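Line by line, the protein sequences give chains V and Y. Here my numbering is used: the first residue of the first sequence is 3, the next is one more, and so on. Here my numbering is used: the first residue of the second sequence is 2, the next is one more, and so on.
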Amino acid sequence: MRREAPQKLSDYGPLFFPAMMLIVFFVVPFATMIAVSFFQRQQGGFYVPAFQFANYERFLSLFFANVLGFSLMLAVTVAICCVVLAVPFTYLLTRMKRKVQIAWLVALLSVLSLSEVIIGFAWSTLFSRTAGITNLLVMAGIMSEAKALLPSFGAVLTGMVYQAFPYTVLVLYPALVRLDPTLTEAARTLGASPIKAFFTVVVPALRNTITATLIMVFIFALGSYLLPQLLGRPQHWTLSVLITDQAIYQSNMPFAAAMAVFLVLVTLGLVALTVLAGRKGETA
Amino acid sequence: MSGLALNNVTKEFGTFTAVNNVELTVPHGTFVCMLGPSGCGKTTLLRMIAGLDLPTGGAIRLDGEDITHVPTHKRNLGMVFQSLALFPHLTVGENIAYPLRIRGVPKEDQKKRVDELLLMIHLSGYADRPVAKLSGGQRQRVAIARALSISPKLFLLDEPLSALDAKLREAMQVELRQLQQKLGITTIVVTHDQREAMTMADTVVVMKGGEIRQAASPIEIYRRPADTFVADFIGSTNLLEAEADSTGGVTVLGQPVSGVSLGGGVRKATLSIRPEDVHLTAPGNGALSGTVTFVRDLGGTIETFVDIAGRQLVAVSTPRARPDVTVGQPVGVVLLPDVCVVLAK
C-alpha cells in the first residue's frame, strides 16, 4: 500500500506522542549524561558545569582499555553461548506439542521474574564448596572432594547465560514457529540427515533473526554489573561495574558519565559493523 | 522385482486408522496418481513411501529391498511438496544444487547438472535469481528440477499443482507427464483432481477411508469402475438402481429393460452409465420413459436432464448430435448393455 507523503503539520499528529515519549525518557536523560561527562567534579561529592575533556582523558589508559576489552569479550561470549544453546532448544521446542510448549514458556518466563541479585546468590550457592553442585559429583563418585567453583570466569559466564537465556528463547520463538516445517522435510527427502538439514536449512533461513538476537543479548549482557561482582574476581569486573562504582561509591558523576558515553559509542559502532557485515553477506 | 511394492501397509494415529492394509505394486518407470477425497489417507501413504512417517504395520520395498525403516535421507528420493518448500535463503541454482551439495558432488559437476536441469525446465539463465522473484509456475518448475537433480529412484509429488491457476495447471500436467516419460522415472503423485490423474497417470489409485478402492489404468477406471464410489468420484455418472427377477428379467427404476443382465444370482445392483453414453430417443420401444426437465446448452456440449420416476438422469451430447427435445417433453432413454456397468450393491 502506498500512502501520500504528509502535507500539513497536522499530518504529523500521530508521531507526536511517541516523539514526546522518546524526548522525555530518552533524549533528555541521555543529553544530560553527555553534558555531565564534560563537567568538572567538585571534591566532596558534586560537580559544576564546565567544558573539559579531563574525564575522557583519564579514561584513555591501559587499565580502562583492558576493562573495556574484557566487558566486550564477556558480552560477546554470553551472546554466542546463549544463541548456540537457544537456537536448537527453541527449534526442538517449536516441534513439540502445544501443551509442552506452553509449560516450557511459562518456566522460562518465571526465570525472567527473578532479579539479578537472586540469580547471583543462587548461583554463588550452587558453585560454593560447602553446598554446591560439586558435592553431588562427589556423591556420584566423579570427583574425589568438593571444591568451590567461584569466583571464576566460568561462574560469571554461567550466571549471565542463565539470566539471558529466557530472553534469547523468547526472541527466537516467533521466528522459529513461523518457519515452514516442510523446509526441513524437503531437505531430508533431498538427502540431508536431520542434523545436516538443521545446519543447511534452518540456521541459514534464520540468519537475520539470529544476528538480531546476537545483538540483543550482547547489549543485554553489556549492562550486567551485579553478576560479575557476585561470581567473579576483580579482573572479571566489567565496565558497568566500574561505572556503578564511580557513580555511586566514588560520587564521581562526570567520570561515570564519560565512561557510559564511551561504552554507548563503542556498542553502537559494533552493532553497526554487524549489521553492515550481515548486509554484505546477503548480497554476496 | 524392480519398482516399488507396498505390502499390507497400515498407519494408525491412536485409534484412527489413516491407511489400512494397503497392497500396491508400482513397476519401474510407471506414473501412478493417488486420488481421493481429502482425509482418504493418500498423503499419509506418500509420506510413508518417503519415510517422513513410519507405518505401524506392513512393509515397503523398493527394487526388492525392504526400505520400511530406512531413514528418508538415505532413500534417494525426489519429492515435491504442496508448499514447494523451496529454500528461501538460496538462489534458484543453489536450490537445485542442494541435493548434490549435500552428497559432496564437486562444484563443477554441480554447475553442469544445474545448467542441464534449468534447460530442461526452460529456465536457463535463472540460476542466480532469488526464488522469491519467481512466478508460481517458475517456482513449481524449480521444485521439480531440485527433486530430480540426483536422478532419484522415486519421484514423489504431493498435490504439486494445487497452487497454480487452472490454465497453468493444465499445461504443467502435460509437461510433467512428458518429462516423466522422457526420464522413465517411477513417479507417484497425490492429487484430489481427477482430471489431473486422468491426464498424467499410467495407473490411477482411487482411495477412500484409508483403503484402495481401485487401482487400474485411467480408462479402465472410467469405463469399468469397481464400485459406486469410484464410478461417482471419477467423472460424473448416472447411478440407477436395478432389480432382477427369478427369470433374469431386469427392471430399472421400476421399468423393464431388455438386453441388460445383472449376472447370475444377483437380485439387486446399481447400474452406472456415463452421461455421454445415454441415448435419448422417442418414447416407447423398450426404452425407459421420462420427462425432460432442463437443457443446459454450454456451446461445446449439451446436457439434457431427464426425470425418470423421480430420479434425475443426465445425458451429454455434442452440438452435432443435439437431441431434438424441449423442456417438459416425454422422452425415451436407451440403456445400451455394453456401456452399462453393473455394480454390486
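Where is the CB? At the ideal position from N, CA and C, for every residue including glycine. All values derive from a computational prediction rather than experimental measurement.
Count the other CB atoms, across all protein chains shown, that sit within 10 Å of the CB of residue i; report buried if there are 16 or more and exposed otherwise.
i, result
"V/GLU147", "exposed"
"Y/GLY42", "buried"
"Y/PHE17", "exposed"
"Y/ASP166", "exposed"
"V/SER112", "exposed"
"V/LEU244", "buried"
"V/THR285", "Legend: pLDDT at V/THR285 = 48, less than 50; position of this residue unreliable, no value from coordinates given."
"Y/ARG323", "exposed"
"V/CYS145", "For the sequence presented, residue 145 of chain V should be read as Met rather than Cys. V/MET145 should be labelled exposed."
"V/ALA21", "exposed"
"V/THR202", "buried"
"Y/PRO331", "exposed"
"Y/ASN9", "exposed"
Alpha carbons only, please: which of the options is nearest the one belonging to residue i?
i, options, result
"Y/GLY4", "Y/SER318, Y/ARG214, Y/VAL33 and Y/PHE17", "Y/VAL33"
"Y/ILE61", "Y/MET35, Y/GLY42 and Y/GLU24", "Y/GLU24"
"Y/LEU155", "Y/ASP64, Y/ARG142 and Y/ARG275", "Y/ASP64"
"Y/THR92", "Y/ALA167, Y/VAL335 and Y/ASP129", "Y/ASP129"
"Y/VAL340", "Y/ASP308, Y/VAL296, Y/GLY300 and Y/ARG275", "Y/ARG275"
"V/PHE72", "V/LEU139, V/VAL158, V/GLU187 and V/ILE197", "V/VAL158"
"Y/ASP159", "Y/MET49, Y/ARG225, Y/LEU7 and Y/ARG297", "Y/MET49"
"Y/THR192", "Y/HIS29, Y/ASN21, Y/PRO38 and Y/GLY126", "Y/PRO38"
"Y/THR238", "Y/LEU36, Y/TYR223 and Y/VAL251", "Y/TYR223"
"Y/GLY105", "Y/SER136, Y/ALA198, Y/ILE151 and Y/HIS123", "Y/ILE151"
"V/LEU172", "V/GLU59, V/MET23, V/ILE104 and V/ALA77", "V/ILE104"
"V/VAL266", "V/PRO256, V/LEU241, V/LEU62 and V/GLY15", "V/LEU241"
"Y/GLY358", "Y/PRO28, Y/LEU289, Y/THR45 and Y/VAL27", "The question about residue 358 of chain Y has no answer here: the residues shown for chain Y are numbered 2 through 346."
"Y/GLU13", "Y/ALA6, Y/ALA86, Y/GLY58 and Y/MET35", "Y/GLY58"
"V/THR211", "V/SER226, V/TYR175, V/THR191 and V/GLN237", "V/TYR175"
"V/VAL69", "V/PHE53, V/LEU11, V/TYR227 and V/ARG131", "V/TYR227"
"V/VAL50", "V/ASN254, V/VAL268 and V/ASP13", "V/ASN254"
"Y/LYS112", "Y/GLN179, Y/ALA98, Y/GLY137 and Y/GLN195", "Y/ALA98"
"Y/THR271", "Y/GLY311, Y/THR73 and Y/VAL251", "Y/VAL251"
"V/PRO256", "V/ALA33, V/VAL78 and V/PHE65", "V/ALA33"
"V/VAL38", "V/THR276, V/ALA274, V/GLY280 and V/ALA260", "V/ALA260"
"V/LEU181", "V/SER130, V/VAL163, V/TYR164 and V/PHE200", "V/PHE200"
Give a yes or no on whether the C-beta atoms belonging to residue i and residue j are separated by under 8 Å.
i, j, result
"Y/ALA148", "Y/GLY79", "yes"
"Y/VAL293", "Y/VAL334", "no"
"V/THR96", "V/VAL179", "yes"
"Y/THR229", "Y/LEU240", "yes"
"Y/LEU157", "Y/ILE189", "yes"
"Y/GLY291", "Y/VAL307", "yes"
"V/LEU270", "V/TRP125", "no"
"Y/SER84", "V/THR184", "yes"
"Y/SER259", "Y/GLY249", "no"
"Y/PRO161", "Y/VAL81", "yes"
"V/LEU208", "V/ALA166", "no"
"Y/ARG76", "Y/GLY94", "no"
"Y/GLY264", "Y/VAL343", "yes"
"Y/VAL1", "Y/LEU36", "Chain Y is shown only over 2 to 346; residue 1 of chain Y falls outside these bounds and no answer can be derived."
"Y/VAL296", "Y/THR305", "yes"
"Y/ALA245", "Y/VAL253", "no"
"Y/PRO226", "Y/ILE213", "no"
"Y/ALA216", "Y/SER273", "no"
"V/VAL273", "V/ILE197", "no"
Comparing the C-beta of residue i with each C-beta of chain B, is any distance below 8 Å?
i, result
"V/VAL108", "Of the chains in the structure shown, none is chain B; the protein chains are V and Y."
Every unbroken alpha helix (DSSP H) within the segment 23-80 of chain V, with a cutoff of 4 residues, ordered by chain = Fully contained in the segment 23-80 of chain V are the following alpha helix (DSSP H) runs of length 4 or more, in chain order: 30-38 and 56-61.
Whole beta strand (DSSP E) runs in the segment 260-343 of chain Y with 3 or more residues, listed along the chain?
-> Runs of the beta strand (DSSP E) inside the segment 260-343 of chain Y: 269-274, 280-282, 289-298, 303-309, 312-318 and 331-335.
What residues in the segment 82-114 of chain Y bring their beta carbon closer than 7 Å to a beta carbon of chain V?
-> Of all residues in the segment 82-114 of chain Y, PHE82, SER84, ALA86, PHE88, PRO89, HIS90, TYR99, PRO100, ILE103 and ARG104 have a Cβ within less than 7 Å of some Cβ in chain V.
Would you mind listing the alpha helix (DSSP H) stretches within the segment 84-142 of chain Y that are 4+ residues and don't spill past its ends, in chain order?
-> Qualifying alpha helix (DSSP H) stretches, in chain order: 93-103 and 108-121.
Between the segment 46-79 of chain Y and chain V, which residues of the former have CB atoms less than 9 Å from a CB of the latter, in chain order?
-> So the close ones are ARG48, ALA51, GLY52, LEU53, PRO72, THR73, HIS74, LYS75, ARG76, ASN77, LEU78 and GLY79.
What are the uninterrupted segments assigned as alpha helix (DSSP H) that are 4 or more residues long and contained completely in the segment 133-202 of chain Y, given in chain order?
-> Whole alpha helix (DSSP H) segments, 4+ residues: 137-149, 167-184 and 195-201.
Quick one: which residues of the segment 128-151 of chain Y get their C-beta closer than 9 Å to a C-beta of chain V? List them in chain order.
-> When CB distances to chain V are screened at a threshold of 9 Å, the residues of the segment 128-151 of chain Y falling below it are ALA144, ARG147, ALA148, SER150 and ILE151, in chain order.
Using a beta-carbon distance cut-off of less than 9 Å, what residues from the segment 237-256 of chain V approach chain Y?
-> Taking 9 Å as the Cβ-Cβ cut-off against chain Y, none of the residues of the segment 237-256 of chain V qualify.
Members of the segment 165-199 of chain V that neighbour chain Y once the beta carbon cut-off is set at 7 Å | Residues passing the 7 Å Cβ filter: ASP182, THR184, LEU185, GLU187, ALA188, ARG190, THR191, LEU192, GLY193, ALA194, SER195 and LYS198.
Listed from N- to C-terminal order along the chain, which residues in the segment 205-232 of chain V have their beta-carbon within a distance smaller than 8 Å of any beta-carbon of chain Y?
-> Answer set for the segment 205-232 of chain V: PRO206, ALA207 and ARG209.
Secondary structure, alpha helix (DSSP H): runs of 4+ residues fully inside the segment 149-212 of chain V | The segment 149-212 of chain V contains these whole alpha helix (DSSP H) runs: 155-180, 183-191 and 196-199.
In the segment 85-103 of chain V, which residues sit with their C-beta less than 9 Å from some C-beta in chain Y, listed in chain order?
-> Flagged: no residues at all.
Check distances from the C-beta atoms of the segment 51-76 of chain V to those of chain Y and list, in chain order, the residues that come in under 7 Å.
-> Cβ contacts with chain Y: none found.
Length-filtered (4 minimum) alpha helix (DSSP H) runs lying within the segment 209-237 of chain Y | Qualifying alpha helix (DSSP H) stretches, in chain order: 219-224 and 229-234.
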